[in-house]
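For reference, the structure is listed below as structure tokens.
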Amino acid sequence: MTKVIQVKINGSLQQLTVGDTDTLLTVLREQLLLTGTKHGCGHGDCGACTVLLDGKAVDSCLVLAARTDGHEVTTIEGLAKEGASHPLVDAFVRHGAVQCGYCTPGMIMSAADLLNNHPGLDEQAIRRQMAGNLCRCTGYEKVAEAILAADQAGETS
Amino acid sequence: VKDLMDFKLWQPSGIEEAMSWLAEMEHRALPLAGGTDLLVKLRSGFSCPNLVDLQGLEELQPYRTGGEETVIGSLCLVSTVEWDAALRSSVPCLPHAAGQLGSRQVRNLATVGGNLCNASPSAELAPPLLALDAVAETTGPGGCRSLPLAQFFTGPGKTALGRGELLKSVRFRRPQGRWAARYYKLSPRKAMDIAVVNVCVRLTLDDKDPELIRDAAISAGAAAPTPLRFPAEEEALRGRRFTPELAERAARACGEAVRPIDDLRASAAYRKEMVRVLVRRGLAECYEQLYGREGAQ
Numbered sequence: 001m002t003k004v005i006q007v008k009i010n011g012s013l014q015q016l017t018v019g020d021t022d023t024l025l026t027v028l029r030e031q032l033l034l035t036g037t038k039h040g041c042g043h044g045d046c047g048a049c050t051v052l053l054d055g056k057a058v059d060s061c062l063v064l065a066a067r068t069d070g071h072e073v074t075t076i077e078g079l080a081k082e083g084a085s086h087p088l089v090d091a092f093v094r095h096g097a098v099q100c101g102y103c104t105p106g107m108i109m110s111a112a113d114l115l116n117n118h119p120g121l122d123e124q125a126i127r128r129q130m131a132g133n134l135c136r137c138t139g140y141e142k143v144a145e146a147i148l149a150a151d152q153a154g155e156t157s
Numbered sequence: 158v159k160d161l162m163d164f165k166l167w168q169p170s171g172i173e174e175a176m177s178w179l180a181e182m183e184h185r186a187l188p189l190a191g192g193t194d195l196l197v198k199l200r201s202g203f204s205c206p207n208l209v210d211l212q213g214l215e216e217l218q219p220y221r222t223g224g225e226e227t228v229i230g231s232l233c234l235v236s237t238v239e240w241d242a243a244l245r246s247s248v249p250c251l252p253h254a255a256g257q258l259g260s261r262q263v264r265n266l267a268t269v270g271g272n273l274c275n276a277s278p279s280a281e282l283a284p285p286l287l288a289l290d291a292v293a294e295t296t297g298p299g300g301c302r303s304l305p306l307a308q309f310f311t312g313p314g315k316t317a318l319g320r321g322e323l324l325k326s327v328r329f330r331r332p333q334g335r336w337a338a339r340y341y342k343l344s345p346r347k348a349m350d351i352a353v354v355n356v357c358v359r360l361t362l363d364d365k366d367p368e369l370i371r372d373a374a375i376s377a378g379a380a381a382p383t384p385l386r387f388p389a390e391e392e393a394l395r396g397r398r399f400t401p402e403l404a405e406r407a408a409r410a411c412g413e414a415v416r417p418i419d420d421l422r423a424s425a426a427y428r429k430e431m432v433r434v435l436v437r438r439g440l441a442e443c444y445e446q447l448y449g450r451e452g453a454q
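Which chain is which? The protein sequence lines are A and B, in order.
Here the first sequence is numbered in the numbering used here, starting from 1 and rising by one per residue.
Here the second sequence is numbered in the numbering used here, starting from 158 and rising by one per residue.
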């Protein structure tokens, strides 16, 4: 079975034809070629596929595309506004919070939700809230530093 | 990446349609709430030909917190409970437990009803809701029912829900008097893990006599086929004066009462021992909070 859905993706309304079992992740990557969102574990453990659904970080591998009809999705490609780099991206670069980069889009989308919706958390709380994003290269020190710095600069939205 | 999942997604126009589809298709259909458990199972070889999408059904999303009675609709997100300011100040054990379920990305999808209806013995929200004497409100082809949450769980993955029946909401009254509660989740990892054992303890002391136990509620998960309360052990505390020896006796009795399994997370013997440790800790910490450090010995 297929369904026609309308979803606002990175600010523009898209009409898409999706299958019952298609996930939001598959549709983003394979129909819309928004490959910044990564496929990691497919089980909601690693967070590489994190996007914002109505402003909240979710694992797009656990969202059926058909259920996003009428909703709003933001991916890493939609985070920068009018060509300007996003403060969180700048913070990740400044703090060297990147190694191979595979987990980075998910990390940044997760952090974007955190700083938009729950700003002002201490480092321990930030680490706990970022537990759904796994990095297999380098660890979490610089990631935590970058998010904390971006939060303190307070210009994430 | 192709998914192995194969099902038809049914999107009802209202709750009546959802219930009648579920009743008609019976064992060939499952309700889909947040999907964080079900989609993972479907991707791991479990099969179900039909999913009935509950998303957006108004009747399943009442939400009232902060007053005498709290009502949480089954479709309410776990993250809503986690961050709710009224719950954090009035019944902190519940948002504390909610915040330990999965990751933030999962909590933004997972629902309270899904966590309960999945009926895992280790369900994160079961011990605090059990300790708060929560009542499950259901709706189905035969009408609405209310039953104590303790009777809602009937076995691992099994609930008291009948054919076509859905969990509508859970509700509980804010405990009265001088009370405190604690939730503990024991797991090898600090986050993103399933409980080896989880325990919630609620203690109410007398308004005038600061050492007299008016009421106690103890619940545990991953310690028996279902999350459970300890009625006999609680009764043995009521009307007695709190002493560390009394708490130890109650905790020991709880550890003896549970029937856990050996699995890859822990042995049954370890789980029994941890129920004892966490119940004792819960009673001591609740008492300490209510009575003040000097009285806690």
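Cβ atoms here follow ideal geometry from the backbone N, Cα and C, with glycine treated the same way.
Note that the coordinates shown come from a computational prediction; the quantities given were computed from them, not determined experimentally.
CB contact check: residue i to chain A, cutoff 8 Å
{"i": "B/Thr-193", "result": "yes"}
{"i": "B/Met-349", "result": "yes"}
{"i": "B/Lys-342", "result": "no"}
{"i": "B/Val-158", "result": "Residue placement at B/Val-158 cannot be trusted, given a pLDDT of 49 that sits under 50; what the coordinates show is reported in the next sentence. Yes - at least one Cβ of chain A is within 8 Å of the one on B/Val-158."}
{"i": "B/Val-263", "result": "yes"}
{"i": "B/Val-197", "result": "yes"}
{"i": "B/Arg-371", "result": "no"}
{"i": "B/Arg-221", "result": "no"}
Cross-chain neighbours of residue i in chain B, by beta carbon under 7 Å
{"i": "A/Arg-128", "result": "Ala-348"}
{"i": "A/Thr-50", "result": "Gln-262"}
Proximity test, Cβ basis, 8 Å: residue i and chain B
{"i": "A/His-43", "result": "yes"}
{"i": "A/Leu-32", "result": "no"}
{"i": "A/Gly-139", "result": "no"}
{"i": "A/Thr-75", "result": "no"}
{"i": "A/Arg-136", "result": "no"}
{"i": "A/Gly-47", "result": "yes"}
{"i": "A/Asp-151", "result": "no"}
{"i": "A/Lys-38", "result": "no"}
{"i": "A/Ala-112", "result": "no"}
{"i": "A/Ile-9", "result": "no"}
{"i": "A/Asp-59", "result": "yes"}
{"i": "A/Arg-94", "result": "no"}
{"i": "A/Leu-62", "result": "yes"}
Within chain A, the residues that residue i reaches when beta carbons sit closer than 7 Å
{"i": "B/Lys-315", "result": "What B/Lys-315 touches in chain A: nothing, since even the nearest Cβ is about 24 Å away."}
{"i": "B/Asp-290", "result": "Ordered by position in chain A, no residue passes the 7 Å Cβ test against B/Asp-290, which lies about 29 Å from the chain."}
Residue burial classification, residue i (beta-carbon count within 10 angstroms, cutoff 16)
{"i": "A/Pro-119", "result": "exposed"}
{"i": "B/Pro-284", "result": "buried"}
{"i": "B/Pro-305", "result": "exposed"}
{"i": "B/Gln-454", "result": "Summary for B/Gln-454: the model assigns pLDDT 39, below 50, so the residue's position carries little reliability; its value from the coordinates is reported in the next sentence. By the 10 Å Cβ count, B/Gln-454 comes out exposed."}
{"i": "B/Arg-163", "result": "The question names Arg, yet the displayed sequence has Asp at residue 163 of chain B. So B/Asp-163 ends up on the exposed side."}
{"i": "B/Leu-232", "result": "buried"}
{"i": "B/Cys-443", "result": "buried"}
{"i": "B/Ala-218", "result": "According to the sequence displayed, residue 218 of chain B carries Gln and not Ala. So B/Gln-218 counts as buried."}
{"i": "A/Glu-141", "result": "exposed"}
{"i": "A/Gln-129", "result": "buried"}
{"i": "B/Pro-345", "result": "exposed"}
Contact list for residue i against chain B, beta-carbon separation under 9 Å
{"i": "A/Val-89", "result": "Under the 9 Å cutoff, chain B gives no residues; its nearest Cβ is about 19 Å from A/Val-89."}
{"i": "A/Gly-132", "result": "Gly-259, Ser-260, Arg-261, Gln-262, Val-263, Arg-264, Ala-348 and Met-349"}
{"i": "A/Ala-66", "result": "Leu-166, Gln-168 and Asp-210"}
DSSP state of residue i mapped onto helix, strand, coil
{"i": "B/Ala-426", "result": "helix"}
{"i": "B/Ala-281", "result": "The sequence given here has Glu at residue 281 of chain B, not Ala. B/Glu-281 falls in the coil class under three-state DSSP."}
{"i": "A/Val-51", "result": "strand"}
{"i": "B/Ala-291", "result": "coil"}
{"i": "B/Val-434", "result": "helix"}
{"i": "B/Leu-195", "result": "helix"}
{"i": "B/Trp-167", "result": "strand"}
{"i": "B/Cys-301", "result": "strand"}
{"i": "A/Gly-40", "result": "coil"}
{"i": "B/Val-228", "result": "strand"}
{"i": "B/Leu-323", "result": "strand"}
{"i": "A/Gln-31", "result": "helix"}
{"i": "A/Thr-23", "result": "strand"}
{"i": "B/Tyr-220", "result": "strand"}
{"i": "A/Leu-13", "result": "strand"}
{"i": "A/Gly-154", "result": "coil"}
{"i": "B/Thr-296", "result": "strand"}
{"i": "A/Gly-132", "result": "coil"}
Chain-ordered chain A contacts of residue i [CB-CB under 8 Å]
{"i": "B/Phe-164", "result": "Asp-20 and Thr-21"}
{"i": "B/Arg-200", "result": "Gly-42 and His-43"}
Interface residues of chain B facing residue i [CB-CB closer than 8 Å]
{"i": "A/Lys-56", "result": "Ser-236 and Asn-265"}
{"i": "A/Met-1", "result": "Lys-165 and Leu-166"}
Practice prompt. Entirely within the stretch 328–407 of chain B and at least 3 residues each: give me those beta strand (DSSP E) ranges in chain order.
Written response: 335–343, 354–362 and 370–378
Worksheet item: Quick one: complete alpha helix (DSSP H) runs, 4+ long, within the stretch 239–263 of chain B?
Response: List check, alpha helix (DSSP H) in window: 242–247 and 250–255.
Worksheet item: Considering only residues of the stretch 52–95 of chain A, which uninterrupted beta strand (DSSP E) runs meet the minimum length of 3 residues and lie entirely inside it, listed in chain order?
Response: Within the stretch 52–95 of chain A, the complete beta strand (DSSP E) runs of at least 3 residues are 56–59 and 72–74.
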